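Have a look at the structure below, then the notes.
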Amino acid sequence: MPNLDIDNQGFAQSLWSATATAPAEFPTLEGVEKADVAIVGGGFTGLSTALHLAERGVSVTVLEAREPGFGASGRNGGQIIAGFKHNEVPVGPGLDPDRAARMDRFGDGTAQFTFDLISRLGIDCDAKQGGWAQGAHGDVAMRAIERKAEILGRRGVDLEILSAAETERRLGTNWYPGSLWDPRGGTLQPLNYARGLAEGARKAGATIFTESPVTTVAREGRGWKLTTASGGSVIAEKALFCTNGYSDLFNPIPSLSKSVIPFFSYQIATAPLSDNILKTLLADGVGVSEFRRLLGYFRVDAQGRFIMGARGASDGSMEPPSFDFARARIKQLFPALAEQRMDYFWNGKVAITMDYLPRLIDQGEGLHAAVGWNGRGVAVTTASGPVLADWMMGTSPKELPLPVTPPRPIRFHGLKRKVSSVVALWYDHLDKKERSKPAA
Ligand SMILES: Cc1cc2nc3c(=O)[nH]c(=O)nc-3n(C[C@H](O)[C@H](O)[C@H](O)COP(=O)(O)OP(=O)(O)OC[C@H]3O[C@@H](n4cnc5c(N)ncnc54)[C@H](O)[C@@H]3O)c2cc1C
Numbered sequence: 554m555p556n557l558d559i560d561n562q563g564f565a566q567s568l569w570s571a572t573a574t575a576p577a578e579f580p581t582l583e584g585v586e587k588a589d590v591a592i593v594g595g596g597f598t599g600l601s602t603a604l605h606l607a608e609r610g611v612s613v614t615v616l617e618a619r620e621p622g623f624g625a626s627g628r629n630g631g632q633i634i635a636g637f638k639h640n641e642v643p644v645g646p647g648l649d650p651d652r653a654a655r656m657d658r659f660g661d662g663t664a665q666f667t668f669d670l671i672s673r674l675g676i677d678c679d680a681k682q683g684g685w686a687q688g689a690h691g692d693v694a695m696r697a698i699e700r701k702a703e704i705l706g707r708r709g710v711d712l713e714i715l716s717a718a719e720t721e722r723r724l725g726t727n728w729y730p731g732s733l734w735d736p737r738g739g740t741l742q743p744l745n746y747a748r749g750l751a752e753g754a755r756k757a758g759a760t761i762f763t764e765s766p767v768t769t770v771a772r773e774g775r776g777w778k779l780t781t782a783s784g785g786s787v788i789a790e791k792a793l794f795c796t797n798g799y800s801d802l803f804n805p806i807p808s809l810s811k812s813v814i815p816f817f818s819y820q821i822a823t824a825p826l827s828d829n830i831l832k833t834l835l836a837d838g839v840g841v842s843e844f845r846r847l848l849g850y851f852r853v854d855a856q857g858r859f860i861m862g863a864r865g866a867s868d869g870s871m872e873p874p875s876f877d878f879a880r881a882r883i884k885q886l887f888p889a890l891a892e893q894r895m896d897y898f899w900n901g902k903v904a905i906t907m908d909y910l911p912r913l914i915d916q917g918e919g920l921h922a923a924v925g926w927n928g929r930g931v932a933v934t935t936a937s938g939p940v941l942a943d944w945m946m947g948t949s950p951k952e953l954p955l956p957v958t959p960p961r962p963i964r965f966h967g968l969k970r971k972v973s974s975v976v977a978l979w980y981d982h983l984d985k986k987e988r989s990k991p992a993a
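In this text, residue positions in the sequence shown follow the numbering used here: the first is 554, and each later residue adds one.
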């Protein structure tokens with residue numbers, strides 16, 4: 554069951570909350586408002602969609618339960634990564650080869666779209682295109698990243714395979730036998746980015762309400778009435794839910810909450826490090842995720858803190874043992890940092906789908922959702938804003954680069970949520986089996 558206290562704590566304790574610029578003030582919804590499009594959720598997905606709708610002259614209202622960036626958007630690793638989890642989006646039901654290829658091309662451009670948007674809006678969020686690396690943990694992983702470089706190369710994306718020595722030089726750890734280098738990626742301060750997007754959307758004409766969780770959704774004439782716990786309502790022709798891993802927090806559409814599996818990811822950050830230590834680490838602006846199934850992801854922030862993210866407790870617990878996995882990853886990859894003081898401990902929820910692809914869901918009669926970003930959302934959600942705006946403005950789903958599907962709640966949803974810790978043990982076993990050391 555979702556626990557608002559845990560979600561509040563995870564947000565309040567984050568490094569990004571501590572270092573972000575002060576939030577702008579937005580009103581809380583009390584009366585009755587009207588809009589062409591109502592968006593539920595003020596993360597990157599909802600805010601980028603609102604921005605692009607408002608820029609095209611559509612009247613749009615965003616209803617956010619807490620504040621912009623309260624969900625994964627304001628507490629993630631801040632790594633800007635191009636594309637989806639797949640090297641090539643797999644062909645399958647609703648995904649013919651042409652559509653899959655369009656999705657790949659769309660994914661390929663998402664990191665650059667994000668950097669361009671940040672610079673167009675002038676958002677001050679420490680965005681740096683320093684590159685993104687994927688560390689390989691052994692021979693099997695090396696072959697997989699080589700295959701990835703080859704596949705993306707055929708699409709015109711230039712990725713580099715780094716040797717163990719070059720990986721050590723760029724990432725500051727000698728643990729990997731090699732890595733994949735993607736120059737399109739980079740890092741940012743995610744909460745400042747969410748706040749900047751909200752400000753950009755407001756300036757473009759969007760109306761944003763905070764502390765306004767939607768609790769009920771009902772048909773009203775030819776549109777929808779969204780009622781909030783703050784005592785107000787919005788009547789809109791169309792509604793788009795962008796609630797991702799937080800869809801069950803207030804659960805206004807239970808079938809939507811069952812379209813994704815929420816999964817906690819944990820992060821820890823050191824105190825700012827000395828220049829002597831920093832010069833041995835990866836540069837500020839470089840993001841790294843591992844190829845391992847139980848992956849760690851790491852970077853340095855603009856003030857020289859080292860940040861590691863990894864799995865933790867499946868129930869979202871903020872007790873110290875929940876952060877053991879991230880601590881162990883630091884010790885394994887960067888033994889010299891293991892004794893550093895850790896200043897920040899926080900978590901957030903990603904939304905997983907069974908095929909690791911996002912869902913644009915047509916609930917019928919103008920009720921829509923865009924969820925399931927699978928822990929890869931900074932760039933992809935941002936770049937989906939104009940796509941979702943097109944969809945809300947009546948573009949046929951066939952014309953969109955992302956497929957639109959009917960609601961399909963995940964079968965045995967409750968069970969799948971529960972077995973995630975058993976699956977993690979199995980993944981850990983496979984990762985260890987595949988481990989091989991860099992050549993001396
Ligand atoms: C710890 C962590 C680390 C990550 N690291 C990275 C990374 O480095 N790089 C990367 O690309 N991706 C990363 N991700 C994934 C990325 O952050 C997400 O995919 C992305 O932020 C999703 O954005 P969103 O707008 O769809 O959802 P969210 O940002 O989760 O926003 C959903 C919003 O909906 C609101 N909401 C929910 N219910 C209601 C309601 N009933 N009424 C009103 N509002 C409601 C919530 O308050 C929340 O603000 C990470 C995620 C986590 C959790």
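Just so it is clear, CB atoms sit at the ideal spot from N, CA and C, and this is done for glycine as well.
As the structure is a prediction and not an experimental result, all values here were calculated from the model.
Per DSSP, reduced to three states, the secondary structure at T796 is coil, with no helix or strand assignment.
Given a length threshold of 3 residues, each whole run of the beta strand (DSSP E) inside the stretch 706-771 is given here in chain order: 713-716, 731-735 and 760-762. If you ignore the 5 residues before and after S612, its C-beta comes within less than 6 Å of the C-beta of A588 and D589, all in its own chain and listed in chain order.
Contact check for I704 against E608 fails: the beta carbons are separated by 8 Å or more. The DSSP-derived three-state label of S974 is helix.
Ranked by Cα distance from A689, the first of V975, A891 and R845 is R845.
Under a 10 Å Cβ-count criterion, N561 is classified as exposed, with fewer than 16 other Cβ atoms of the shown protein chains found around its own Cβ. Here W926 carries a coil assignment [DSSP, helix/strand/coil]. The residues P825, L826 and L831, in chain order, have a CB closer than 7 Å to that of G857 in the same chain once the five nearest residues on each side in sequence are set aside.
In this structure, ligand 1 has a non-hydrogen atom nearer than 7 Å to the beta-carbon of C795. V693 and E987 have their C-alpha atoms roughly 6 Å apart.
Here the distance from the Cβ of N629 to the nearest heavy atom of ligand 1 is below 7 Å. Three or more beta-carbon pairs separated by less than 8 Å are not found between the stretch 735-754 and the stretch 878-886, which leaves the two stretches without contact. Inclusion of G784 and E586 in the CB contact set at 8 Å is not warranted, their separation being larger than that value. In this structure W944 is buried. Its beta-carbon is surrounded by 16 or more other beta-carbon atoms within 10 angstroms. In the DSSP assignment, L802 falls outside any beta strand (DSSP E), carrying neither H nor E.
Within the same chain, Cβ atoms closer than 8 Å to the Cβ of A889 are found at I830 and T833, the five residues on either side in sequence being excluded. Not a single heavy atom of ligand 1 lies less than 7 Å from the C-beta of V813. Annotation: G610 to F878 spans about 47 Å, alpha carbon to alpha carbon.
Counting only residues of its own chain and dropping the five nearest sequence neighbours on each side, G662 has a CB closer than 8 Å to the CB of A635 and A936. Judged by DSSP secondary structure, D896 falls within the beta strand (DSSP E) whose first and last residues are M895 to I905. The three-state reading of DSSP puts L910 in coil, since its state is none of H, G, I, E or B. In terms of Cβ geometry, L802 and A618 form a close pair [threshold 8 Å]. The distance from the Cβ of L604 to that of P621 is about 12 Å, inconsistent with a contact at the 8 Å cut-off. Linking A932 to P873 through their CA atoms gives a straight-line distance of about 31 Å. Collapsing the DSSP output to three states places M871 in coil. In this structure, the alpha-carbon of P960 lies about 24 Å from that of S626.
In this structure, A591 and T614 form a Cβ contact; the two beta carbons are roughly 5 Å apart against a cut-off of 8 Å.
By DSSP's assignment, S808 forms no beta bridge with any residue.
Taking the CA atoms as reference points, Q916 sits about 53 Å from D828. Residue state for G967 is assigned as helix, using DSSP reduced to three classes.
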